[in-house]
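Chain order of the listed sequences is A and B. Just so you know, the working numbering puts 27 at position 27 of the first sequence, and the rest follows in order with no gaps. Just so you know, the working numbering puts 204 at position 93 of the second sequence, and the rest follows in order with no gaps. The beta carbon of each residue, even a glycine, is placed where N, CA and C say it ideally should be. Have a look at the structure below before the remarks.
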Amino acid sequence: QKEVEQNSGPLSVPEGAIASLNCTYSDRGSQSFFWYRQYSGKSPELIMFIYSNGDKEDGRFTAQLNKASQYVSLLIRDSQPSDSATYLCAVTDTGFQKLVFGTGTRLLVSP
Amino acid sequence: GAGVSQSPSNKVTEKGKDVELRCDPISGHTALYWYRQSLGQGLEFLIYFQGNSAPDKSGLPSDRFSAERTGGSVSTLTIQRTQQEDSAVYLCASSLGDFSYEQYFGPGTRLTVT
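Written out as structure tokens, the structure is:
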């Protein structure tokens, strides 16, 4: 059973702080890693993807990948109340096609 | 440009009826995926299309579920003899394919079986 594990939270951070979201995966063959943001009642929105070990930065978001440890993380700098949402970690299966999702971490950013 | 579109946005049906859900992917995207999300549950893969072919149907939960894609574009997910456990949000996603794996989701169809 290929699994993606996330802490369900909620993760509470004050406005302006760094939010750190973590994810582990079981399939060593996974090659592509994604972070989606999902607001309540809405569909998932792709915010970051990373394919190589290391860090990838896009605006206030940084994705970090460590394939040896089977670990992916998302850092959100200068967190805003509008960042309050559920963040879903997803990895492709060995065939590079379907996404396997974690159950998500709920982030609450307080003003 | 236009994103993934799905219709209907909401569907209420009686147990035992058949339903059809439609997905129109982003123009030029060759890969199309169906997922479902039950209340409080994670996203569950159903089926993947590359062009009009479905190389991975492993997520379809029973033979009551089927899907097709025509013209390499629009896809229809059909659920026959609906059951209450089929109630969920059905999400469609598309990607460019050809070694581009980023999937973009549509707004979903909320299915309620009474």
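Using the rule of at least 16 other Cβ atoms within 10 Å of the residue's Cβ for burial, across every protein chain shown, is residue i buried or exposed?
i              : result
A90 (chain A)  : buried
Q6 (chain A)   : buried
G54 (chain A)  : exposed
P136 (chain B) : buried
A63 (chain A)  : buried
P81 (chain A)  : exposed
A113 (chain B) : exposed
I190 (chain B) : buried
G182 (chain B) : exposed
L65 (chain A)  : buried
L188 (chain B) : buried
If you follow the beta strand (DSSP E) that residue i is part of, which residue opens it and which one closes it?
i              : result
V13 (chain A)  : L11 to P14
F210 (chain B) : Counting along the chain, F210 (chain B) falls outside any beta strand (DSSP E), and DSSP gives it neither H nor E.
Say whether chain B places a C-beta atom closer than 8 Å to the C-beta of residue i.
i             : result
F49 (chain A) : yes
Q97 (chain A) : yes
T86 (chain A) : no
L21 (chain A) : no
T62 (chain A) : no
For residue i, which of the options has the nearest alpha-carbon?
i              : options                           : result
Y144 (chain B) : B:T223, B:A204 and B:T225         : B:A204
K67 (chain A)  : A:F33, A:S79 and A:E57            : A:F33
S20 (chain A)  : A:K98, A:K42, A:Q31 and A:T86     : A:T86
S69 (chain A)  : A:K2, A:T24 and A:P14             : A:T24
L202 (chain B) : A:S84, A:S110, A:K42 and A:V4     : A:K42
Y212 (chain B) : A:S30, A:F61 and A:Q64            : A:S30
S164 (chain B) : B:T141, B:I137 and B:T220         : B:T141
Q214 (chain B) : A:E3, A:T103 and A:I47            : A:I47
R175 (chain B) : B:R221, B:Q161, B:N121 and B:V130 : B:V130
V109 (chain A) : A:T92, A:T94, A:S79 and A:G102    : A:S79
L74 (chain A)  : A:W35, A:Y51, A:D27 and A:D93     : A:W35
Y146 (chain B) : B:G139, B:S138, B:Q152 and B:I158 : B:I158
Q195 (chain B) : B:R221, B:S206 and B:G139         : B:R221
D209 (chain B) : B:K126, B:L154, B:G162 and B:E155 : B:G162
Cβ of residue i less than 8 Å from any chain A Cβ?
i              : result
G219 (chain B) : yes
D135 (chain B) : no
E179 (chain B) : no
F156 (chain B) : yes
D197 (chain B) : no
F160 (chain B) : no
F176 (chain B) : no
D129 (chain B) : no
Between residue i and the ligand NAD, is the CB less than 7 Å from at least one heavy atom?
i              : result
L157 (chain B) : As presented, the structure is devoid of all ligands, the ligand NAD included, so that no description of it is given.
For residue i, which residues does DSSP report across the bridge?
i             : result
S20 (chain A) : A:L75
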